[in-house]
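Heads up, the sequence shown is in the numbering used here, so the first residue is 30 and it goes up one at a time. Ideal Cβ positions, reconstructed from N, Cα and C, are used throughout, including at glycine.
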Amino acid sequence: MKTVDVNKRTLEQEKQYLKQTSGIVRIEAVCFAAVLIMLMMQEIISAAPGDGESASALFWVKLAFLPFQAASAIVATRFVINMFKEIENGETPFRYSIADKLKGLSDAILGGSIVFAAPYLVAMFVYSFTGTEGSPTNASAVIMLGGLFLGVLFKTLSYIFGYGCKLQQESDETL
Numbered sequence: 030m031k032t033v034d035v036n037k038r039t040l041e042q043e044k045q046y047l048k049q050t051s052g053i054v055r056i057e058a059v060c061f062a063a064v065l066i067m068l069m070m071q072e073i074i075s076a077a078p079g080d081g082e083s084a085s086a087l088f089w090v091k092l093a094f095l096p097f098q099a100a101s102a103i104v105a106t107r108f109v110i111n112m113f114k115e116i117e118n119g120e121t122p123f124r125y126s127i128a129d130k131l132k133g134l135s136d137a138i139l140g141g142s143i144v145f146a147a148p149y150l151v152a153m154f155v156y157s158f159t160g161t162e163g164s165p166t167n168a169s170a171v172i173m174l175g176g177l178f179l180g181v182l183f184k185t186l187s188y189i190f191g192y193g194c195k196l197q198q199e200s201d202e203t204l
């Protein structure tokens, strides 16, 4: 009868689950970025002026910020994809390169939250000084606060992974 190391079998099972999850997360990240860009474009199209109407300040501001918002979504997606590819292909997730990718992701999310909220903030500024009636929603505050929360969360995770890297290195040096 052949003996099977339970820890080795469990580790192999976990690696398979990680590969499956990694593939799903990468697909979700691409879908998320694509849908986000389409929603931004749909919002601009719905704010477009009709026949005989002049374009609102919010329309022009949103149109100006669209390339930056799309770039922000793509950059964050690239960080997610690259991070999960590296986690999937490595022996351990506790590597400095993973911690660096988490830091990059947090910076991309923090910057992205500002870029996504900027059109609303600029439009509110323009409306307040021109005296025009406009109704930017509180979406900018929600976007910024949500982005700040996620950015800080991923920044914290990057520090946890960095600490895990140090512990992994000490463990490897001990053996």
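A distance below 6 angstroms between beta-carbons, with the five flanking residues on each side excluded, links E82 to no residue of its chain. For S142 and Y156, the gap between their C-alpha atoms comes out near 22 angstroms. Taking the Cα positions, V90 is about 15 angstroms away from F158. Taking the Cα of M70 as reference, the smallest distance to any Cα among A58, G140, K130, L92 is reached at L92. By the beta-carbon neighbour count (other beta carbons within 10 angstroms, threshold 16), K37 is exposed.
Taken atom to atom, the span from the alpha-carbon of A84 to that of A102 is near 26 angstroms. Between the alpha carbons of L179 and I138 lies a distance of about 7 angstroms.
Bounds of any alpha helix (DSSP H) do not take in A84, whose DSSP letter is neither H nor E.
Pairing V59 with I127, the inter-Cα distance amounts to about 19 angstroms. Take the alpha-carbon of E120 and the one of T50: they are about 16 angstroms apart. G79 sits in coil when the DSSP states are folded into three classes, being neither helix nor strand. Between G175 and K114, the alpha-carbon positions lie close to 26 angstroms from each other. DSSP, reduced to helix, strand and coil, places E41 within a helical segment of the structure shown. Taking a contact as a CB-CB distance under 8 angstroms, the pair M112 and L131 counts as one, their CB atoms being some 7 angstroms apart.
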